[in-house]
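To start, the structure itself, in structure tokens.
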Amino acid sequence: MPITKAAKKALRQSRVKQERNYNTRTKYKRAMRDVVDAVKAGKPEEATKALSRAQKEIDMAAKKKVLSKKTAARRKSLLARTVSIGK
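Remember, this note's numbering sits 33 above the position in the sequence shown when you count from 1.
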């Protein structure tokens, strides 16, 4: 447990950041799952809409530094390929 006042504040800040990052991570992972589910269900229109939403969520995660830019690009590329193959 933190002892000094500064350490206590750092712990509070860390918990807030952890929760924020968790929410961002959950959003982009859910969006990715939606794309894959739509492709598996054979719904190309729904998959295209889900892809757009997933790309937005991935970009937001990269902007907030939850993901690196290169990882974000790789994930978006993978989803785009999945949708194009599924059509």
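Just so you know, even glycine gets a beta-carbon here, dropped at the ideal spot from N, CA and C.
For Ile118, the enclosing alpha helix (DSSP H) stretches over residues 102 to 119. A contact is defined here as three or more CB-CB pairs under 8 Å, and the stretch 47 to 63 meets this definition with respect to the stretch 92 to 107.
Ala83: member of the alpha helix (DSSP H) spanning 77 to 96, first to last residue. In this structure, Ala94 lies near Ala105, with their beta-carbon atoms less than 8 Å apart. Around Ala64, the same chain offers Arg86, Ala87, Glu90 as residues with beta carbons nearer than 6 Å, after the five sequence neighbours per side are excluded.
In the DSSP assignment, Met65 falls within the unbroken alpha helix (DSSP H) covering 38 to 73.
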